[in-house]
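The next block holds one structure in the form of structure tokens; read it before the comments.
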Amino acid sequence: MRFSPFVALLALVFATPLAAQEREEIVRVPGPGGANLIATVLRPPGEAKAPVVVINHGSPADGSQRTTMQRPKYPTLSSWFLAKGYVVALPLRRGYGESGGTWAESSGACGTPDSYTPALQ
2 MRFSPFVALL ALVFATPLAA QEREEIVRVP GPGGANLIAT VLRPPGEAKA
52 PVVVINHGSP ADGSQRTTMQ RPKYPTLSSW FLAKGYVVAL PLRRGYGESG
102 GTWAESSGAC GTPDSYTPAL Q
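Just add 1 to wherever you are in the sequence shown, counting from 1, and you've got the working numbering.
And the structure:
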């Protein structure tokens with residue numbers, strides 16, 4: 002899995018420890034054909050309504066690793082949003098790890114000059 006150095010730097014800049022009172026819930030979202038998507042939902046302390054931020058995982062360079070991926074946590078980034086009062090949703094996309102269904106993503110090769118069209122599919 003590739004990470005941008007900028008994202009890593011951003012995560013370090015905003016690093017804060019996980020809130021002691023955060024609440025974690027594992028959610029199964031029903032999908033077509035009986036496949037479930039798995040998501041980790043982290044909630045800040047309190048019962049007030051809160052905005053939601055969705056943090057999506059990347060894809061491994063080796064496609065055979067998709068089925069062994071674990072639920073993402075991104076503790077540093079998640080902590081930053083939790084401290085600001087956001088609910089953090091961390092889905093595991095279809096075809097990855099515990100999430101059911103077959104992998105159904107394609108954005109073409111990195112050298113493809115037209116990345117826009119495949120991204121819309």
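Beta carbons are placed, not taken as given, at the ideal position from N, Cα and C, and that holds for glycine. Owing to the predicted nature of the structure, the values given are computational and were not obtained by experimental measurement.
For residue i, which residues in the same chain have their Cβ closer than 8 Å to its Cβ, ignoring the five residues on either side in sequence?
{"i": "tryptophan 104", "result": "Gly64, Arg67, Arg95, Gly96 and Tyr97"}
{"i": "threonine 17", "result": "Low local confidence applies: a pLDDT of 44 at threonine 17 is under 50, so the model's placement there is unreliable, with the coordinate-based value given in what follows. Excluding positions up to five away in sequence, the list reads Thr77, Ser80, Trp81 and Ala84."}
{"i": "glycine 34", "result": "Gly102"}
Checking the sheet assignment: what are the DSSP bridge partners for residue i?
{"i": "proline 31", "result": "Asn37"}
Among residues of its own chain, excluding the 5 on either side of residue i, which ones have a beta-carbon nearer than 7 Å to its beta-carbon?
{"i": "proline 31", "result": "Asn37"}
Considering only their Cβ atoms, is the gap separating residue j from residue i smaller than 8 Å?
{"i": "arginine 72", "j": "arginine 44", "result": "no"}
{"i": "alanine 90", "j": "alanine 51", "result": "no"}
Go through its chain and collect everything with a Cβ distance to residue i's Cβ below 6 Å, but skip five positions before and after it.
{"i": "alanine 62", "result": "none"}
{"i": "valine 42", "result": "Glu26, Val28 and Ala90"}
{"i": "histidine 58", "result": "Pro73"}
{"i": "methionine 70", "result": "Tyr97 and Gly98"}
Relative to the alpha-carbon of residue i, which residue among the options has its alpha-carbon at the smallest distance?
{"i": "valine 54", "options": "Pro46, Lys74 and Val88", "result": "Val88"}
{"i": "glutamate 48", "options": "Pro33, Gly101, Gly86 and Leu93", "result": "Gly86"}
{"i": "tyrosine 75", "options": "Ile56, Glu106 and Ser60", "result": "Ile56"}
{"i": "glutamate 26", "options": "Gly102, Pro92 and Glu106", "result": "Pro92"}
{"i": "glutamate 106", "options": "Thr69, Ser100 and Ser60", "result": "Ser60"}
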